[in-house]
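These protein sequence lines are chains A and B, in that order. Numbering of the first sequence is given in the working numbering, commencing with residue 1 and proceeding in unit increments. Numbering of the second sequence is given in the working numbering, commencing with residue 1001 and proceeding in unit increments. Where is the CB? At the ideal position from N, CA and C, for every residue including glycine.
2 protein chains.
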Amino acid sequence: MKLVIVGGVAGGASAAARARRLSEEAEIILLERGPDVSFANCGLPYYLGGEISERERLLVVTPERMKERYRLEVRTRTNVEAIDRQAKRVRVRDLASGREYEEFYDKLILAPGATPIRPPLPGIYLPGVFTLRNMQDMDRIKEVLDRGVRQAVVVGAGFIGLELVENLVRRGVGTTVVELQDQVLPPFDPEMTTPVADHLAAKGVVLLLGQSAEAFEASEDGLTVRLKSGHRLPAQLVVLGVGVRPENKLAVDAGLEVGSRGGIRVNEHMQTSDADVYAVGDAVEVKDFVTGEATQVPLAGPANRQGRIAADHVFGRDSRYRGTQGTAVVRVFDLTAALTGASEKTLRRLGRPYRKVYIHPTHHAGYYPGAQPMTLKLLIDPGSGRVLGAQAVGGAGVDKRIDVLAVAIQAGMTVFDLEEAELAYAPQYGAAKDPINMASFVAGGLLRGDHPQVSVEALADANCPVEGVTRPFLLDVRTAEEFAAGHIPEAVNVPLDELRSRLGELPHDRTIAVYCQVGQRGYLALRILQQSGWQAANLGGGFKTYRLYAERDAGVFSAGNCGRVR
Amino acid sequence: MKLVIVGGVAGGASAAARARRLSEEAEIILLERGPDVSFANCGLPYYLGGEISERERLLVVTPERMKERYRLEVRTRTNVEAIDRQAKRVRVRDLASGREYEEFYDKLILAPGATPIRPPLPGIYLPGVFTLRNMQDMDRIKEVLDRGVRQAVVVGAGFIGLELVENLVRRGVGTTVVELQDQVLPPFDPEMTTPVADHLAAKGVVLLLGQSAEAFEASEDGLTVRLKSGHRLPAQLVVLGVGVRPENKLAVDAGLEVGSRGGIRVNEHMQTSDADVYAVGDAVEVKDFVTGEATQVPLAGPANRQGRIAADHVFGRDSRYRGTQGTAVVRVFDLTAALTGASEKTLRRLGRPYRKVYIHPTHHAGYYPGAQPMTLKLLIDPGSGRVLGAQAVGGAGVDKRIDVLAVAIQAGMTVFDLEEAELAYAPQYGAAKDPINMASFVAGGLLRGDHPQVSVEALADANCPVEGVTRPFLLDVRTAEEFAAGHIPEAVNVPLDELRSRLGELPHDRTIAVYCQVGQRGYLALRILQQSGWQAANLGGGFKTYRLYAERDAGVFSAGNCGRVR
């Protein structure tokens, strides 16, 4: 067996190591265009910011170590130029010497990765305009930073963009983020990113949402980024973080099938349309585990597992890739944001039925010092109660809840199962009713019909004048002090503990939308109202959830906003 | 519906609140012997240590708040003396006035909790000898501490015992722990507690394992604790943490069934042998979710859920309790120890087949600063690959992995599923191959036969002279430096990267037991050896696992230890 692997970072390196463990006899050749194999892509921003101080730490495995330990033929700075599938050989170019040669294969694994997108804008290739994908990109940016940068512009507020922003600020660089969408962290639902945007502002980052760069121009002082809005941003450093595109040229040229967004098509064994050619990692199109749709998710974890599966199948094993959930996490200064499974916007785009709940717990028991707040959103299949997706933003413990929910989604668990989840509780770690249980109680109550909810969007819609339809009566059951400190327009305050004795003040001819701070008192109020004969619904996640929308759009409940709050 | 609830802490308070949400009409009476309802039991040690500085924070809900918000009849300092099941009434005693009266019920929920055990030893009721179960216990201990304690003895190294120890040390009290078993934290397997014992010693705690108190005597300076071993420990404070026993007197007197260890027997709706009487919380016998055995697990989470389920069933809902997994976590100074599901010793006691794996990962990517080590042990069903139990000890991220595994156990997931778990990875939170994946890869390899393992115990057994049986050749594939710094007796060192070229040095007539530091290099070495014709096995978890045993027993591989290493 002669196995040739193209690309030596996450997926390629995993495939090579797995292949050797499965066969001592196989000839395994790993061809990598760059100088490094298996470097820590996700660590690059932290070397720039100085948290990781030694460059070598990012080199997970050196080519020498891979050669020695796994008895691989590792050739770095080596480009594969073409695949001849009939003859089962690749044309290879040694980038140092320029020498070209051919290499036959029995099986070929493509792990070429993805390339950062450079939109075709004037000045996009000016010195000082960078992307950040590999060690060389990092070195170039570091050099500029070390020479002294006062102002930087990061184009794109995705995961890598915001990680970079944090590290630029850490170095004292005045940083502006320009993002085309009207939210940061596009995989998240917009309202869940409100705390992140607020936090960036609190850290002195200038955030320009819904804006895009039009051109980059050299200036006396470095560069000027010209936005479509007319803004002109001076900078000595510009980094583009607007996404990646699969490196599919080799595959396309060889006639292998690719998907509509350019990802190489593979089956569950990671075989391309040619059974002797596998593809793994950021270059492939994968199945979304929750929705079943074809998608592209450039993540290190899936890439590693795909490499392992491809190697397994090469050596006759029936390993299968189950699809990608899109589980991801990012730290943005002191906040953590994480998600898994389908987002609300994806479900809406696909027209899938769903229900959603929000809770705003602390990550551990409130009586123990240091409990940090988080917001957790669950998306649920209304029929079965299966968890479809989850998002969380907050402090400590966010990653834990999303990991638990990631496994629950994988197992096809329902919120009814998760009401009964038995999680570890001591005051430093959780609560007797963990946020996972609490979110599931809320969702379970919703699906069982015990706990009718209204969303901020539905409430905003209901506020829009429709002839013959009476708007719901908006009841705030928080204390008078909480109400005075801020409430939803037109709400009437009757504190929960007075509700039973003041039911007479409520209109009998209107449905009641009740809310409290996070939903818990609202739930009890709802139960009281329902059992006293009212049609009522609780605002999901309470005033805190309303604020997630309202801070994005001051007029969330105004007539001008009708049908627009999403 | 008139519902009477006996006991107002975790299970009772949950039942009461749930009952009111289900019915505005029901008459709900909550009778609590103590002065508080729903206090934060798990926070008591931290108030003693000063981390929680306000006593009121421990009162999760006051009786007044419960009355007001849930419209309950809450009577504290009220003891239920007897149940008349025929007449469906309880005899109640107001502890303040001494008045006795009767209260009829339609349904009765018993949530009496458990009482700390006071072994019948001389001096056990001396002033200065305490248990720690409720706010009053805490107040009494606090008073003694505030008067000044130089030396304390904690009897029992369970969860509460060690939490208390940490807080005594925090206050500068010289603390000795006396534990009957030969390990701390008895729910854990002994080798997993080695790091905890080491850590306690490093913090200056005197740990006396396998010892027990024989008597407590008053002395000039306070107390003397006399041990069976003859040791005499001076102390101004003694706290007993030797377990709890279910408060079952009321149930037993009323003729309700109890289990062999005294827990009130209930069905999955939490009904006792009398369908109108429910019981929840620490007083009941529950089903072990993994083994199916009857057990008693005094934990707040299960108590809360049981209270909810009982209330549901009272109001006609089909809620069922699925059993308890024993998921628990404890912080001991800078360490976290957590577990879920069955332990190895439980599986062995029940004669259940199992396999086990150990890994010693860091909680996040090693290239990012601050990665803390942990040891993770998985127990697996050898036939199906289902996870039966998990234990972890280490720094940050221990609770996360156990929570993920707790949900995986609930869902009946296998290690083959968990090889494909997609968990959140960014350098601060995890790794592209998370410890969950890594442990599952090891376990999967073991079950698939790719990765034969030998345990420390089996290796110790193999080291015991048996006529006609050749001992395995013990091969250490770490570097020469690692080998020199410490190795298993009789091991021969051939570093992994030299193994392929030095195969000629290995005996062909013996099986080979190979090991490295944590198991990873050993695995590759094993694959090389297997494919070169040897019968070989990898020491599960490598030298680090060996050390977990060896630090407990210096002669782990000596002939005198034969059959004893468990």
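Just to make sure I have the definition right: I need the residues of chain B whose C-beta is within less than 7 Å of the C-beta of glutamate 68 of chain A. Which are they? Asp1497
Just verifying my parser: in three-state terms, what is the DSSP assignment at threonine 346 of chain A? helix
Any idea what DSSP makes of lysine 67 of chain A, helix, strand or coil? helix
Give the interface partners of aspartate 403 of chain A over in chain B, defined as CB-CB distance under 7 Å, in chain order. Lys1400, Val1404, Leu1423 and Ala1424
Would a check of beta-carbon distances place threonine 1327 of chain B closer than 8 Å to chain A? Closer than 8 Å to some Cβ of chain A, the Cβ of threonine 1327 of chain B qualifies, so yes.
Under a Cβ-count criterion, where at least 16 other Cβ atoms within 10 Å of its own Cβ denotes burial, should glutamine 1410 of chain B be classed as buried or exposed? buried
Beta strand (DSSP E) segment containing methionine 374 of chain A, residue limits: From DSSP, the beta strand (DSSP E) with methionine 374 of chain A extends over 374 to 380.
Exposed or buried, lysine 1228 of chain B, counting other C-beta atoms within 10 Å across all chains shown (16 or more means buried)? exposed
Using the beta-carbon of each residue, which ones in chain E are nearer than 9 Å to glutamine 1181 of chain B? Here the protein chains are A and B, and chain E is not one of them.
Which of helix, strand or coil does DSSP assign to threonine 1470 of chain B? coil
Reduced DSSP secondary structure (H/G/I, E/B, other) of leucine 1044 of chain B: helix
Using a cut-off of 9 Å between C-beta atoms, extract the partners of glutamine 535 of chain A located in chain B. Per Cβ cutoff of 9 Å: no residues; glutamine 535 of chain A is ~16 Å from chain B at best.
Report the option in B:Glu1054, B:Ser1212 and B:Gly1541 whose CA atom is closest to the CA atom of proline 1452 of chain B. Nearest to proline 1452 of chain B by alpha-carbon distance, out of B:Glu1054, B:Ser1212 and B:Gly1541, is B:Gly1541.
Is the Cβ-Cβ distance between valine 1290 of chain B and glycine 1341 of chain B less than 8 Å? yes
Closest Cβ-Cβ distance between aspartate 1417 of chain B and chain A: below 8 Å? Yes, aspartate 1417 of chain B counts as interfacial toward chain A.
Compute the beta-carbon to beta-carbon distance between proline 1472 of chain B and isoleucine 1436 of chain B, rounded to the nearest angstrom, for a pair I have assumed lies under 8 Å. With a Cβ gap of about 31 Å, proline 1472 of chain B and isoleucine 1436 of chain B do not count as contacting.
Please report the straight-line C-alpha distance between arginine 1547 of chain B and alanine 1484 of chain B, rounded to a whole angstrom. Rounded to whole angstroms, arginine 1547 of chain B to alanine 1484 of chain B spans 15 Å at the Cα level.
Could one say the Cβ of leucine 1058 of chain B lies closer than 8 Å to chain A's Cβ atoms, at least one of them? yes
Confirm, please, whether the CB-CB distance from arginine 1320 of chain B to histidine 1363 of chain B is below 8 Å. no
Under 7 Å: does the beta carbon of leucine 1548 of chain B sit that close to some heavy atom of the ligand FAD? This structure lacks the ligand FAD, and indeed carries no ligand of any kind.
For alanine 213 of chain A, count neighbouring C-beta atoms within 10 Å of its own C-beta (all shown protein chains included) and say buried if the count is 16 or more, exposed if not. buried
Between the C-alpha atoms of threonine 324 of chain A and glutamate 1422 of chain B, what's the straight-line distance to the nearest angstrom? 8 Å
Using C-beta distances below 7 Å, list every residue in its chain close to aspartate 399 of chain A, excluding the 5 sequence neighbours before and after it, in chain order. Within the same chain, aspartate 399 of chain A has close Cβ partners Val329, Thr336 and Ala338.
Cβ-based contacts, 7 Å cut-off: residues of the segment 500 to 531 of chain A near chain B: Those would be Arg500, Leu524, Arg527, Ile528 and Gln531, in chain order.
Contacts that isoleucine 52 of chain A makes with chain B (C-beta to C-beta distance below 9 Å): Tyr1367, Tyr1368, Pro1369 and Pro1427
If the cut-off is 8 Å on Cβ atoms, which residues from the segment 31 to 45 of chain A count as contacting chain B, listed in chain order? Ala40, Cys42 and Gly43
Cβ distance (whole Å) where leucine 496 of chain A is taken to contact leucine 524 of chain A below 8 Å: 6 Å
For chain A, check one thing: does any of its Cβ atoms lie closer than 8 Å to the Cβ of proline 1302 of chain B? yes
Min CB distance valine 184 of chain A to chain B below 8 Å: no
Chain-order list of residues whose beta-carbon lies under 7 Å from that of tyrosine 549 of chain A (same chain, five-residue window excluded): The answer, listed in chain order, is Glu191, Val456, Val556 and Val565.
Three-way DSSP call (helix, strand, coil) for alanine 365 of chain A in this model: coil
Using a Cβ-Cβ distance cut-off of 8 Å, determine whether lysine 433 of chain A contacts chain B. yes
What residues of chain A sit near glutamate 952 of chain B, judged by a beta carbon separation below 9 Å? Limits of chain B in this structure are 1001 at one end and 1566 at the other, which puts residue 952 of chain B out of reach.
Element boundaries [alpha helix (DSSP H), containing valine 165 of chain A]: 159 to 170
Buried/exposed call for alanine 1235 of chain B, threshold 16 Cβ in 10 Å: buried
Residues bridged to valine 155 of chain A (per DSSP): A:Val178 and A:Leu240
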